[in-house]
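**Q** Each residue of the sequence shown is one higher than the one before, counting from 158 in this note's numbering.
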Amino acid sequence: MAYARSRIASFAARALLAIACVLTAAQSLAQVQSVVVKKNIEYTQTSATAVSPSPVSNGYGFGADVNGVNIGSIPVPTLTGPINTAALGPGHNGGKLVYAPGDNGWRWGVNANDFGTSSLANLNSIFGSGTYTITVNGTPVSLSLVGDAHPNAPVLTLTGGNWANGKYVIDPAKPLTITTNAFTAYGTHADDLICVGAAGPGYPLPFAEISPYGCAWVPLGKHQFHSAVPGSNTLTYTVPANTFVAGEEYLVVGMFAAIVDSRPNAALPGSVNAALYEASTLVRVKAEAPVFPMTVTTNITPTVSSATATVPYWTQGAATTGNVYTLAVAPATIVQPATAKGAMEKDALPPLGYAKRADGTKDTSVACVLAQLNGSGQLQAVSVSSLQAYVSGVLSSQGQAVQVLNGVATANIAGSTFYVGFGSSSTAMLSGGVNRSVVTVPGSLTCQPQAPQTGWWWNQAEDGRGYTIESTGSKIFFAAYLYDISGRSTWYIAAGPTS
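What follows is the structure in structure tokens.
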């Protein structure tokens, strides 16, 4: 069993804390503001629809927290309940909570960072369903955490950018709108809570140890309780344009919380005491300034496809001389052979990755190749030097509309990603990265090449290594994650019995 802090912050605990009484700076006496027990499940979203349990080793969590102001010197709070203390061993710390200064509160566990594990079954085998009692300042606060009322997984709809390689990429000059799906059990508990928000460079979270995936306290965010907003079981928040910084990555969070028990206690005036089940979904967002601005209009039907890319300007300032290109990266199975074989042999590109299945589960053996549409609306293989320009000559600083697809049979281009770019030559356009994807046509196989997945431990300024160790009974699992300068990963694992 791995002892690791829950990656999910206590979203509802902090949101509940927000409605608890707020002390002025002059009030220096200890004030307990919330007493919370909860279970939480973390999900990861990597596309518009792909949401799955987080692959981390501690995505299923339990927490017992006491939050407040100046409470570090109060008597040590204690926890009792349906807990398998034998399985926890010394990690349970005899039920005594530990103060975490960075969180301004008391937390379960010897390391003051709550509990996390890799499966719901394991979580429930250690922290059962029933009544948990946290004794605070000599006052027992009993909370009923029963019913396994885990909310449905939040699925976030993001607008303003596009999905690429498991991340949502957005031009920081544009706003990012985040909308949750419906919280299906909203309004069926003592209270319910929905949160959306974002955090990252320039917008740090105001707490330290329990994983900083908060919601109600995220600097960029919004939350609602059913008791205050009973009419809507979804929530939308828009991050204003020019909030994110190009080149930085941010974390977007959506969270549903079922508050199954909420009990005031006269001995703890002003404290919100609650038991809850949380489900949170995390999305990695990358702010990336485009090489040139572009708006796209598409009409993709099962039979015919059209797409136009409108570029306000190719370069800022004066007009320039060059070529505009339209091209595609397509599954080799729908691409006709090149007409100029010699040119292909001279500077043909290797496969630009391999096609993925429509559900995104895994790569296939079908190569993705460079292609252009010919006069009959068929994709034809091309080399770098044999790319034909869409238009050549003086490119106006006012830009133009580029007809990328014009009534092309969808079956001929299914699974292909189309691009528009410009440069003094096709080689300069490709090597300089002066191109942008316009549209990916749906298909059973999809070619949408991306930069390598960087992984949780990759950092261009550091060595690029990460390690995890887990043990269960007499078995141990070790993993090493190594990353090159581009973020491409090599993973090594070792597993076996211990004695």
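We treat Cβ as the ideally placed atom computed from N, Cα and C, and that holds for glycine.
My parser needs the alpha helix (DSSP H) runs of 4 or more residues fully inside the segment 261 to 305; what are they?
**A** You should have 277 to 283.
**Q** Hey, quick one: how far does the beta strand (DSSP E) through Ala-585 stretch, first residue to last?
**A** Note, Ala-585: premise wrong, no beta strand (DSSP E); alpha helix (DSSP H) at 583 to 588.
**Q** Which two residues bound the contiguous alpha helix (DSSP H) that contains Asn-569?
**A** Here the alpha helix (DSSP H) through Asn-569 covers 567 to 570.
**Q** Out of Asn-241, Gln-188, Leu-536 and Gln-190, which has the shortest C-alpha to C-alpha gap to Ile-570?
**A** Among Asn-241, Gln-188, Leu-536 and Gln-190, the Cα nearest to that of Ile-570 is on Leu-536.
**Q** Here's the rule I'm using: 16 or more other beta-carbon atoms within 10 Å means buried, otherwise exposed. How should His-383 be labelled?
**A** That one is buried.
**Q** How many Å lie between Gly-251 and Thr-288 at the Cα?
**A** Going from the Cα of Gly-251 to the Cα of Thr-288 covers about 18 Å.
**Q** Pair every Cβ in the segment 215 to 230 with every Cβ in the segment 323 to 342, then say whether three or more of these pairs are closer than 8 Å.
**A** With the cut-off at 8 Å, the segment 215 to 230 and the segment 323 to 342 do not touch.
**Q** List the residues that DSSP assigns as beta-bridge partners of Asp-418.
**A** Ala-432, per the DSSP bridge assignment.
**Q** Identify the residues that DSSP records as bridge partners of Asn-456: which are they?
**A** Asn-456 pairs with Ser-463.
**Q** Leaving aside the five residues before and after Ala-187 along the sequence, list all residues of the same chain whose C-beta is less than 6 Å from its C-beta, in chain order.
**A** Cβ neighbours of Ala-187 beyond the five flanking positions: Asn-227, Ile-228 and Ile-231.
**Q** At what residues does the beta strand (DSSP E) containing Ala-515 begin and finish?
**A** Here Ala-515 belongs to no beta strand (DSSP E), and DSSP marks it neither H nor E.
**Q** What do you reckon, is the C-beta of Gly-653 under 6 Å from a heavy atom of the ligand HEM?
**A** The ligand HEM is not part of the structure shown, which contains no ligands of any sort.
**Q** May I ask you to verify whether the segment 395 to 407 touches the segment 199 to 207, counting CB pairs closer than 8 Å and requiring at least 3?
**A** As far as the Cβ criterion goes, the segment 395 to 407 does not touch the segment 199 to 207, which means the pair count is below three.
**Q** Using a threshold of 7 Å, state whether the C-beta atoms of Leu-377 and Val-410 are closer than that.
**A** It is not a contact, given that the beta carbons lie outside the stated cut-off.
**Q** If you draw a straight line from the alpha carbon of Ser-282 to that of Ala-244, how long is it in whole angstroms?
**A** One C-alpha to the other measures close to 9 Å.
**Q** Between which two residues does the alpha helix (DSSP H) harbouring Thr-242 extend?
**A** Start and end: 242 to 245.
**Q** Which of the three DSSP states is assigned to Val-249 in this structure?
**A** Per the sequence presented here, residue 249 reads as His, with Val not at that position. Helix, per DSSP.
**Q** Let me know the secondary structure DSSP gives Ala-487 once reduced to three states.
**A** DSSP places Ala-487 in strand when its eight states are reduced to three.
**Q** Please determine if the segment 428 to 445 and the segment 303 to 310 are in contact, where contact requires at least 3 C-beta pairs separated by less than 8 Å.
**A** As far as the Cβ criterion goes, the segment 428 to 445 touches the segment 303 to 310, which means the pair count is three or higher.
**Q** Grouping DSSP H, G and I as helix and E and B as strand, with all else coil, what is Gly-317?
**A** If DSSP states are grouped into helix, strand and coil, Gly-317 belongs with coil.
**Q** Do you know how far the Cα of Tyr-649 is from the Cα of Ile-240?
**A** Rounded to the nearest angstrom, the two C-alpha atoms are 35 Å apart.
**Q** What residues in its chain sit with their C-beta under 6 Å from that of Ser-286, if we drop five residues either side in the sequence?
**A** Excluding positions up to five away in sequence, the list reads Val-303.
**Q** CB Thr-391 to CB Ala-339, shorter than 7 Å?
**A** Closer than 7 Å, so yes.
**Q** Rounded to the nearest angstrom, how far is the Cβ of Ala-546 from that of Val-481, given a contact under 8 Å?
**A** Contact flag correct, Cβ pair sits at about 6 Å.
**Q** Please determine if the segment 477 to 491 and the segment 591 to 605 are in contact, where contact requires at least 3 C-beta pairs separated by less than 8 Å.
**A** Segments in contact, yes.
**Q** Could you give the residue range of the beta strand (DSSP E) that holds Ile-198?
**A** Start and end: 188 to 202.
**Q** Between the beta-carbon of Ala-464 and the beta-carbon of Val-596, is there less than 7 Å?
**A** It is a contact, given that the beta carbons lie within the stated cut-off.
**Q** Are the beta-carbon atoms of Asp-349 and Ala-415 separated by less than 7 Å?
**A** Going by C-beta atoms, Asp-349 is nearer than 7 Å to Ala-415.
**Q** Quick one: give me the first and last residue of the beta strand (DSSP E) that Cys-604 is part of.
**A** No beta strand (DSSP E) contains Cys-604, which DSSP labels as neither H nor E.
**Q** Helix, strand or coil for Pro-397 per DSSP?
**A** Three-state result, Pro-397: coil.
**Q** For Pro-258, name the three-state secondary structure that DSSP assigns.
**A** Correct three-state label for Pro-258: helix.
**Q** Would a C-beta distance cut-off of 7 Å place Thr-467 and Thr-455 closer than the cut-off?
**A** No, these two residues do not count as a Cβ contact at 7 Å.
**Q** Assuming Thr-603 contacts Val-461 (C-beta within less than 8 Å), just tell me the rounded distance between them.
**A** Thr-603 to Val-461, Cβ: 19 Å. No contact.
**Q** Output the residue ranges of the beta strand (DSSP E) runs that lie fully inside the segment 313 to 358 and measure 3 residues or longer, sorted by chain position.
**A** Within the segment 313 to 358, the complete beta strand (DSSP E) runs of at least 3 residues are 313 to 316, 318 to 321, 324 to 327, 333 to 337 and 348 to 356.
**Q** Taking the alpha-carbon positions, what's the Asn-422 to Thr-290 distance?
**A** C-alpha separation (whole angstroms): 13 Å.
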